[in-house]
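A.B. asks: Numbered as in our numbering, the sequence shown ends at 146 without a single skipped number.
The beta carbon of each residue, even a glycine, is placed where N, CA and C say it ideally should be.
Owing to the predicted nature of the structure, the values given are computational and were not obtained by experimental measurement.
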Amino acid sequence: MGLYLLTDHIIWLERAGLLKIDKTKWSKLSYRLWLYALVMNLSRDFYELKQILHQLSFGTLNQELQGKTVHPPNTISSKLNLYYRVLALHKDVVLDTIKNGCDICLPLSQLGYLSISPRTVGLLGVISSIAGIMPLIDSSYKLSP
Numbered sequence: 002m003g004l005y006l007l008t009d010h011i012i013w014l015e016r017a018g019l020l021k022i023d024k025t026k027w028s029k030l031s032y033r034l035w036l037y038a039l040v041m042n043l044s045r046d047f048y049e050l051k052q053i054l055h056q057l058s059f060g061t062l063n064q065e066l067q068g069k070t071v072h073p074p075n076t077i078s079s080k081l082n083l084y085y086r087v088l089a090l091h092k093d094v095v096l097d098t099i100k101n102g103c104d105i106c107l108p109l110s111q112l113g114y115l116s117i118s119p120r121t122v123g124l125l126g127v128i129s130s131i132a133g134i135m136p137l138i139d140s141s142y143k144l145s146p
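If you want it as structure tokens, here you go:
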């Protein structure tokens, strides 16, 4: 993420007239670095979600689920209900995954790998911004390293 921010600042310096660079080249590099950072963040998020669901399958989340014994449910709806309850306990990871999932579409679009409308870009930006603000409002949404 640090390299992305560095390239973003270099582009800003060019726009402010303080530096002469090839803006197209630096913008493309900036989007690639942003994409790389988002892929790494999503990898971490998916790993954490996998660990949470792994704990669920072995019943180690019993105490967090109000002391109830966790048995593998038989129906799809009961499985989904159980996953929902477990993920509600880990809303920080879920929120970060949603934010990064929305954000990843933006550099993919700018690099030409994904074609989305400006309206969709705006909607994804709003969702990502709300997800980014939530940890400031409620600390239970803050992801711990």
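Can you name the start and end residues of the alpha helix (DSSP H) that I53 belongs to?
C.D. replies: Segment 24 to 58, the alpha helix (DSSP H) holding I53.
A.B. asks: Can you tell me whether T76 is helix, strand or coil according to DSSP?
C.D. replies: Correct three-state label for T76: coil.
A.B. asks: What number of angstroms, rounded off, separates the C-alpha of L112 from the C-alpha of L34?
C.D. replies: Distance between the alpha carbons of L112 and L34: 11 angstroms.
A.B. asks: Report the residue from P108, L144, L14, L54 whose alpha carbon sits nearest the alpha carbon of L83.
C.D. replies: The residue with the shortest Cα to Cα distance from L83 is L54.
A.B. asks: When you compare only the Cα positions, how much space is there between S130 and T76?
C.D. replies: Going from the Cα of S130 to the Cα of T76 covers about 36 angstroms.
A.B. asks: Nearest-angstrom Cα distance between L19 and L30?
C.D. replies: L19 and L30: Cα-Cα distance of roughly 20 angstroms.
A.B. asks: Quick one: what's got a C-beta closer than 6 angstroms to L36's C-beta in the same chain, skipping five residues either side?
C.D. replies: Correct list, in chain order: P108.
A.B. asks: Could you tell me the alpha carbon to alpha carbon distance between S44 and C106, rounded to whole angstroms?
C.D. replies: Each residue's alpha carbon lies about 15 angstroms from the other.
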